[in-house]
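Chemist:
4 protein chains.
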Amino acid sequence: MTEPVTVSPEDFLAMGREVLARQPFSVLIGAEVVSLSAGRCELQVPVSDAVKQQNGFVHGGVVSYAADNALTYAGGTALGVPVVTSEFKINYLRPAIGERLLARAESVHAGRTQAVCRCDVFVVKGGVETLCAVAQGTIAALARQPG
Amino acid sequence: MTEPVTVSPEDFLAMGREVLARQPFSVLIGAEVVSLSAGRCELQVPVSDAVKQQNGFVHGGVVSYAADNALTYAGGTALGVPVVTSEFKINYLRPAIGERLLARAESVHAGRTQAVCRCDVFVVKGGVETLCAVAQGTIAALARQPG
Amino acid sequence: MTEPVTVSPEDFLAMGREVLARQPFSVLIGAEVVSLSAGRCELQVPVSDAVKQQNGFVHGGVVSYAADNALTYAGGTALGVPVVTSEFKINYLRPAIGERLLARAESVHAGRTQAVCRCDVFVVKGGVETLCAVAQGTIAALARQPG
Amino acid sequence: MTEPVTVSPEDFLAMGREVLARQPFSVLIGAEVVSLSAGRCELQVPVSDAVKQQNGFVHGGVVSYAADNALTYAGGTALGVPVVTSEFKINYLRPAIGERLLARAESVHAGRTQAVCRCDVFVVKGGVETLCAVAQGTIAALARQPG
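Chains as they are written, first to last, in my numbering: chain C, 2 to 148; chain H, 2 to 148; chain W, 2 to 148; chain G, 2 to 148.
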C-alpha cells in the first residue's frame, strides 16, 4: 500500500462495529466484534436456539459465517481498504455446544491486492474455550475508484 | 455400503424437509429443500432483507450456509446414512442479488465412510439463474451405533 | 477484459506446450499438454515408477501437481494474460493406479483479475478413465506492466 | 485412540525417513524428513533446477507436494496409525526462491479416524526463512485390517 494506515485501536473497533451493525444478517444472529486491530479480529456469536441445527449444536452454517466474517475483518484491517472474501476453506472439528462462538482470525500475508488469513473458531462454555473449527481464506481488496 | 438403499423420490424429499424443519437456523432464514435424490440436492433460501450484508447483497455467510447444507444433503443421500459435513471450500464469484439463492449439490464420489461433493450456488432473479459461488467438500458418515 | 483475445486452437496448444517445456519440473516428470482452448485444459503425466509412493500408487504430490498445472492453464487461457495459481483445494478420491494421469480443468468464472476453475483428475488404465481426485482453485492475472 | 502410542523421537524420525526412502517420487526430488514427533513434522526439499518452473521459482506442484507430505506425516504421527491424505487446501503467498523448501506441519485436532492439520511452507535462503505458502488439510486413518 502506498499510503500509511494509522488507525487507533478504538477507531478500528468502532469502524468494525459500525460495519457489522449495517449487516442485517449479522444483526439477526447477534454477531459482535470483540476486538479488532491491523490484521487481527475476534468476532463472537451468542448461541441462541435460533442458530442451532437438529441435534442442538450450532449450525455449521453459523460456524462458517463466523469464520468468514472474522477472516474478512482480519484481511480488511491488514489491507486497510474495503474488501470482500474471495474464498475460504473450513474444517469442522467438533460439535459446537456452549454459550457463544468466538472466531479469532489473523492475516498471515498481506500483499497489494489481497490478504491470506487463518481463523480458529472456538465455542465457549463456562469460560472454557474449545476449538471447533479452523479456516483459511483469501480476502481481496475492492478495486479503488478513481479519485 | 453393504445394505441396498431403496428410497422413493417422495420419501427422500419428505425426509430432507423433515430434517430441515428441525433445524432452527434453517427455519430462521427460510431455507427449503427443493429436490432431493441419491447424491443430489437442490436447496433454496429466499432473499429477504434479513440475510443481507451492508451493500444489499446476500451475506457471504448465508451463501456458504446454502452450499454447506446442500453438500450435506447430497452426501447424506449418496451414503444413505446420517452424516456431518467434515469440511468444505467455497469460492465467491459475484455479489448475490436477486429473489432467492439456489444451491445445487451432487456427490462426485461416495465411499464407505465419506462422500466428496460439489455445489453450485445460483442467485435467481426474474427467473434467470446466475452462478454466484462454487463449493467442494467432504461429507462423513456418522459412526454407526451397535444395534 | 477490454481487448478481444482471438487465438487459434493450434496456437493455444503450441503456447501451452512451449511454457511446459520451459518448466524443468514438468519436463522431469514428463507432463504434457494434451489440449488447450480458452478456459479449458487437458494435461497428462505418464505413470512411471519415479512418480509413485511406497504402495505403488501415483504420489499425491504428483496428482496435486497435475491438478494445479491444469487449473493454471484453464485460468490463464480464460483470462488471456500471464497468470499464477493463487490457491487451490484438492480431494483425493481413490489411489491412482494406471498408465497415465489425465487432469481436465475448466474455468467456471473469469473476471478482470482472476478466474475460478475446477479440475477432475483421472487415472487411465487400459483406456478406461477413473476419477481419482477433484480440485477447485483461483488463478490470478499477473499485474500488467505499464508500457 | 484406544491404544497408547509411545514412540521415541529417534524411532519416529527413523520411521519417517524409512517411509520417505520407499517413495520413488520423494527420492526423485530429494525430499528429507528433518524432524518428526507426535503431530508435528518438518520436511525439506532442496531447490535444484529440476524442481523449478519457467521463471526460476520452485514449481507450485513441488510446494504443494511438500505441504501435502508434511501434513500427512503430522496427521499420521498424531493418529499413530497408517494414514492417507484425504484433502488439503493451499494458498501460495510468494514466489519460492532460495536454497530449500521447509514445510512445517502440525495437527490441530486428532480424532479417532482423522486428523486436521496445518502447514507453513518456507523457502530458506542464506539462513533466512520466508513464508511462501500455507496449507490446511485432513489426514485419514486407513481402515484397520482384522486380525
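Each residue gets a CB set at the ideal place from its N, CA and C atoms; glycine is no exception.
Can you tell me which of Gly128/G, Leu21/G, Phe89/G, Met16/G puts its alpha carbon nearest to the alpha carbon of Gly31/G?
Modeler: Working through the fourth sequence from its first residue, we reach residue 31/G at position 30. Among Gly128/G, Leu21/G, Phe89/G, Met16/G, the Cα nearest to that of Gly31/G belongs to Leu21/G.
Chemist: Roughly how many whole angstroms lie between the Cα atoms of Glu43/W and Val125/C?
Modeler: For the purposes of this step, residue 43/W is taken as the residue at position 42 of the third sequence. For the purposes of this step, residue 125/C is taken as the residue at position 124 of the first sequence. Between Glu43/W and Val125/C, the C-alpha separation is close to 48 Å.
Chemist: According to DSSP, is Asn70/C helix, strand or coil?
Modeler: For the purposes of this step, residue 70/C is identified with residue 69 of the first sequence, where counting begins at 1. Note: Asn70/C maps to helix in three-state DSSP.
Chemist: Look at the alpha carbon of Val109/H and the alpha carbon of Asp12/C, and state the distance between them as a whole number of angstroms.
Modeler: What you label residue 109/H is simply residue 108 of the second sequence in a count that begins at 1. What you label residue 12/C is simply residue 11 of the first sequence in a count that begins at 1. Computed Cα separation, rounded: 47 Å.
Chemist: Can you list, in chain order, the residues of its chain with a C-beta nearer than 7 Å to that of Val52/G? Leave out the 5 residues immediately preceding and following it.
Modeler: Walking along the fourth sequence from the start, residue 52/G turns up at place 51. Its chain contains Ile30, Val46, Val59, His60, Val63 as the residues whose beta carbon lies nearer than 7 Å to that of Val52/G, once the 5 sequence neighbours on both sides are disregarded; these appear in chain order.
Chemist: Can you tell me the Cα-Cα spacing of Arg119/H and Ile91/H, whole angstroms?
Modeler: Here residue 119/H refers to the residue found at position 118 of the second sequence. Here residue 91/H refers to the residue found at position 90 of the second sequence. Computed Cα separation, rounded: 10 Å.
Chemist: Measuring straight from C-alpha to C-alpha, what distance separates Arg101/G and Asp50/G?
Modeler: Counting from one through the fourth sequence, the residue named residue 101/G turns up at place 100. Counting from one through the fourth sequence, the residue named residue 50/G turns up at place 49. For Arg101/G and Asp50/G, the distance between alpha carbons rounds to 11 Å.
Chemist: May I ask you to report which of helix, strand or coil DSSP gives Leu132/H?
Modeler: Here residue 132/H corresponds to residue number 131 of the second sequence, with the count starting at 1. In this structure, Leu132/H counts as strand in the three-state DSSP scheme.
Chemist: On the criterion of 16 or more Cβ atoms from any shown chain inside 10 Å, does Ala144/W qualify as buried, or is it exposed?
Modeler: Taking the first residue of the third sequence as position 1, residue 144/W is located at position 143. So Ala144/W ends up on the exposed side.
Chemist: Reducing DSSP to helix, strand and coil, say where Ser9/C ends up.
Modeler: Against the first sequence, residue 9/C aligns to sequence position 8. Residue state, collapsed to three classes: coil.
Chemist: Extract the residue ranges of the beta strand (DSSP E) inside the segment 19–59 of chain C, only unbroken runs of 3 or more that lie entirely within it.
Modeler: 33–38, 41–47
Chemist: For Gly62/W, would you say it is in contact with chain G, using Cβ-to-Cβ distances shorter than 8 Å as the test?
Modeler: Position 61 of the third sequence, counted from the first residue, corresponds to residue 62/W. Taking Cβ atoms only, chain G reaches closer than 8 Å to Gly62/W, which makes this a yes.
Chemist: Contact defined as beta carbons within less than 8 Å: I believe Thr78/W pairs with Gly138/W. What is the distance between those atoms, to the nearest angstrom?
Modeler: As a working mapping, residue 78/W is identified with position 77 in the third sequence. As a working mapping, residue 138/W is identified with position 137 in the third sequence. 15 Å between Cβ atoms; not a contact.
Chemist: Among Val122/H, Gly76/H, Arg23/H, Leu37/H, which residue has its Cα nearest to the Cα of Gln54/C?
Modeler: By one-based count along the first sequence, residue 54/C stands at place 53. Nearest C-alpha to Gln54/C: Arg23/H.
Chemist: Short of 7 Å in beta carbon distance, which residues of its chain neighbour Ala134/C, apart from the five on each side in sequence? Order them along the chain.
Modeler: As a first step, residue 134/C must be located in the first sequence, where it is residue number 133. Residues of the same chain with a CB within less than 7 Å of the CB of Ala134/C, apart from the 5 flanking positions on each side, are Val64, Ala68, Ile91, Asn92, Tyr93, Leu94, Val122 in chain order.
Chemist: Report the three-state DSSP secondary structure of Met2/G (helix, strand or coil).
Modeler: If you number the fourth sequence from 1, residue 2/G lands on position 1. Interpretation of Met2/G is limited by its pLDDT of 42, a score under 50 that renders its predicted location unreliable; the figure taken from the coordinates is listed afterwards. In this structure, Met2/G counts as coil in the three-state DSSP scheme.
Chemist: Going by alpha carbons, who is nearest to Met16/G out of Pro96/G, Ala75/G, Asn56/G?
Modeler: Position 15 of the fourth sequence, counting from 1, holds the residue named residue 16/G. Looking at the Cα atoms, Ala75/G is the closest of the given residues.
Chemist: Taking all protein chains shown into account, do 16 or more other C-beta atoms lie within 10 angstroms of the C-beta of Asn56/W, making it buried, or fewer, making it exposed?
Modeler: For the purposes of this step, residue 56/W is taken as residue 55 along the third sequence, with counting starting at 1. So Asn56/W ends up on the exposed side.
Chemist: Considering Glu88/H, what are the terminal residues of the beta strand (DSSP E) in which it resides?
Modeler: Mapped onto the second sequence, residue 88/H falls at position 87. Glu88/H -> beta strand (DSSP E) spans 84–93.
Chemist: Rounded to whole angstroms, how far is the Cβ of Glu19/C from the Cβ of Glu88/W, which I believe are closer than 8 Å?
Modeler: Taking the first residue of the first sequence as 1, we reach residue 19/C at position 18. Taking the first residue of the third sequence as 1, we reach residue 88/W at position 87. Actually they are not in contact, since the Cβ atoms of Glu19/C and Glu88/W sit about 30 Å apart, beyond 8 Å.
Chemist: Can you tell me which of Gly128/C, Thr73/C, Val84/C, Ser27/C puts its alpha carbon nearest to the alpha carbon of Ala136/C?
Modeler: What you label residue 136/C is simply residue 135 of the first sequence in a count that begins at 1. Here the closest residue by C-alpha is Thr73/C.
Chemist: Could you check whether Asn70/G and Ser27/G sit closer than 8 Å to each other, using their CB atoms as the reference points?
Modeler: Within the fourth sequence, residue 27/G is the residue found at index 26, counting from 1. Within the fourth sequence, residue 70/G is the residue found at index 69, counting from 1. The answer is yes: Cβ separation under 8 Å.
Chemist: My understanding is that Ile140/G touches Ala116/G, with C-beta atoms under 8 Å, so please give their C-beta distance in whole angstroms.
Modeler: Taking the first residue of the fourth sequence as position 1, residue 140/G is located at position 139. Taking the first residue of the fourth sequence as position 1, residue 116/G is located at position 115. In this structure, Ile140/G and Ala116/G form a Cβ contact; the two beta carbons are roughly 5 Å apart against a cut-off of 8 Å.
Chemist: Tyr66/G versus chain W: which residues are under 9 Å apart at the beta carbon?
Modeler: For the purposes of this step, residue 66/G is taken as the residue at position 65 of the fourth sequence. Near Tyr66/G (Cβ distances below 9 Å), the residues of chain W are His60, Gly61, Gly62, Val63, Ser65, Tyr66.
Chemist: Does chain W have any CB closer than 8 Å to the CB of Leu102/G?
Modeler: For the purposes of this step, residue 102/G is taken as residue 101 along the fourth sequence, with counting starting at 1. Closer than 8 Å: no.
Chemist: By the 9 Å beta-carbon criterion, what residues does the segment 75–94 of chain G contribute toward chain H?
Modeler: Ser87, Glu88, Lys90
Chemist: Which residue wins for smallest C-alpha separation from Thr131/H, given the options Val84/H, Arg113/H, Leu103/H, Pro25/H?
Modeler: Residue numbering aside, residue 131/H sits at position 130 when the second sequence is read from its first letter. Here the closest residue by C-alpha is Leu103/H.
Chemist: What's the call for Val129/H, buried or exposed, on a 16-neighbour Cβ count within 10 Å?
Modeler: Taking the second sequence and counting its residues from 1, one reaches residue 129/H at position 128. With fewer than 16 other beta carbons inside 10 angstroms of its own, Val129/H counts as exposed.
Chemist: Looking at the C-beta of Val109/W, does it have a partner C-beta in chain H at a distance below 8 Å?
Modeler: Along the third sequence, one-based indexing puts residue 109/W at 108. Answer yes: the Cβ-Cβ gap between Val109/W and chain H drops below 8 Å somewhere.
Chemist: Identify which residue in Glu33/C, Leu80/C, Pro25/C has its Cα closest to the Cα of Val8/C.
Modeler: What you label residue 8/C is simply residue 7 of the first sequence in a count that begins at 1. Comparing Cα positions, the closest option is Leu80/C.
Chemist: Starting from the beta carbon of Ala51/H, find every residue of chain C whose beta carbon is closer than 7 Å, and list them in chain order.
Modeler: Stepping through the second sequence from its first residue, residue 51/H is reached at position 50. Result: Pro25, Phe26, Leu29.
Chemist: What does the Cβ neighbour count give for Gly112/H, buried or exposed, with the cut at 16 atoms within 10 Å?
Modeler: Translated into positions along the second sequence, residue 112/H becomes position 111. Exposed, because fewer than 16 other Cβ atoms sit within 10 Å of the Cβ of Gly112/H.
Chemist: Strictly below 9 Å CB to CB, what residues from chain H border Thr139/G?
Modeler: Residue mapping note: residue 139/G aligns to position 138 of the fourth sequence, counting from 1. Those are Ser87, Glu88, Thr139, listed as they occur along chain H.
Chemist: Would you please verify whether the beta carbon of Leu132/C is less than 8 Å from any beta carbon of chain H?
Modeler: Within the first sequence, the letter at position 131 stands for residue 132/C. Not one chain H Cβ lies under 8 Å of Leu132/C.
Chemist: Roughly how many angstroms separate the alpha carbons of Glu107/C and Glu107/G, rounded to a whole number?
Modeler: As a first step, residue 107/C is located in the first sequence; it is residue number 106 there, counting from the start. As a first step, residue 107/G is located in the fourth sequence; it is residue number 106 there, counting from the start. Near 18 Å, if we compare the C-alpha coordinates of Glu107/G and Glu107/C.
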